[in-house]
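Report on the following structure.
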Amino acid sequence: MIGKEPLFVILGLKRVKDDNEELEKFVKSHVLRLLKMDKIAVLNELQRQEEVDLALKMFRIIQKEDWYKPDVFMYKDLIIVLAKSKRMEEVMQVWQSMRKEELFPDSQTYAEVIRGFLRHGSPADAMNIYEDMKKSPEPPKELPFRILLKGLLPHPLLRNKVKQDFEELFPERHIYDPPAEIFGMS
Numbered sequence: 001m002i003g004k005e006p007l008f009v010i011l012g013l014k015r016v017k018d019d020n021e022e023l024e025k026f027v028k029s030h031v032l033r034l035l036k037m038d039k040i041a042v043l044n045e046l047q048r049q050e051e052v053d054l055a056l057k058m059f060r061i062i063q064k065e066d067w068y069k070p071d072v073f074m075y076k077d078l079i080i081v082l083a084k085s086k087r088m089e090e091v092m093q094v095w096q097s098m099r100k101e102e103l104f105p106d107s108q109t110y111a112e113v114i115r116g117f118l119r120h121g122s123p124a125d126a127m128n129i130y131e132d133m134k135k136s137p138e139p140p141k142e143l144p145f146r147i148l149l150k151g152l153l154p155h156p157l158l159r160n161k162v163k164q165d166f167e168e169l170f171p172e173r174h175i176y177d178p179p180a181e182i183f184g185m186s
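Once you know that position 146 of the sequence shown is 146 in the UniProt record's numbering, the rest is easy, because the numbers rise by one and skip nothing.
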């Protein structure tokens, strides 16, 4: 449940979001005076409503707070919202900011970013995220592999590399290979 003050701030931010000058005034007069939990509630609600620009602004405000400590889950939620909105350049900016703070995402975050790049038509960027995932201290989960394997069907060389890694990590799992004729590779 969200309190009155955060609700007022969310409505105000949405009202002035198209006017940079008014937005900055509103941030100074209302957003900056919110309590820690209210700021986090505003961020979460803006992400839920897919108000991506406002969520990104709120995230940057929170990062400047004295009490802010790098939190992988805060990054994760923002990255997922950005990826679902196909804002992949901003995903990479937030991703690099997270990595500078020496945080590693979880498998769901890897999966969403990989999916975002594949939808965006950028398999090379998806593979870069995949390589980053392999270096993560958390052992990889099956979902990001499956997303990559499906998204890389039109790219057999990249797919075979991922397939080999998948078979090494998950020897008991099966991978469906569609007939080559589907992609004109007979």
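We treat Cβ as the ideally placed atom computed from N, Cα and C, and that holds for glycine.
Legend entry - Chain-order list of residues whose beta-carbon lies under 6 Å from that of K84 (same chain, five-residue window excluded): Here the set comprises nothing.
Inset, instruction - Would you identify the three-state DSSP class for E112, choosing helix, strand or coil? - result: The answer is helix: DSSP assigns E112 an H, G or I state.
Legend entry - N-terminal and C-terminal residue of the alpha helix (DSSP H) that D53 is part of: Note, D53: alpha helix (DSSP H), V52 to Q63.
Legend entry - Assigned exposure category for I2 - 16 Cβ within 10 Å defines buried: That one is exposed.
Inset, instruction - Could you have a look at K14 and say whether DSSP puts it in helix, strand or coil? - result: The three-state reading of DSSP puts K14 in helix, counting H, G and I together.
Legend entry - Whole beta strand (DSSP E) elements within the segment 113–149, 3-residue minimum: Complete beta strand (DSSP E) runs here, min 3: none at all.
Legend entry - Cβ pair count under 8 Å reaching 3, the segment 65–73 against the segment 46–53: The segment 65–73 makes no contact with the segment 46–53: fewer than 3 CB pairs, one atom from each, lie closer than 8 Å.
Legend entry - Selected residue, minimal CA-CA separation from V42, among P140, Y130, L7 and Q164: Checking every option, the nearest Cα to that of V42 belongs to L7.
Legend entry - Neighbourhood of L46 by C-beta distance below 7 Å, restricted to the same chain and skipping five residues each side: So the list reads I10, L54, A55 and M58, once near-sequence residues are dropped.
Legend entry - Nearest candidate by alpha-carbon position, reference D177, set R159, I80 and V113: Comparing Cα-Cα distances from D177 to each of R159, I80 and V113, the minimum goes to R159.
Inset, instruction - Can you have a look at S186 and say buried or exposed, based on whether 16 or more other CB atoms are within 10 angstroms of its CB? - result: Confidence at S186 is low in this model, with a pLDDT of 46, below 50, so the placement of that residue should be treated as unreliable; the coordinate-derived value is given next. With fewer than 16 other CB atoms across the displayed protein chains lying within 10 angstroms of its CB, S186 is exposed.
Legend entry - DSSP-derived helix/strand/coil call for G3: Three-state result, G3: coil.
Inset, instruction - Figure out for me which residue from A111, L153 and P137 has the closest Cα to the Cα of D77. - result: Of the candidates A111, L153 and P137, the one whose C-alpha sits nearest the C-alpha of D77 is A111.
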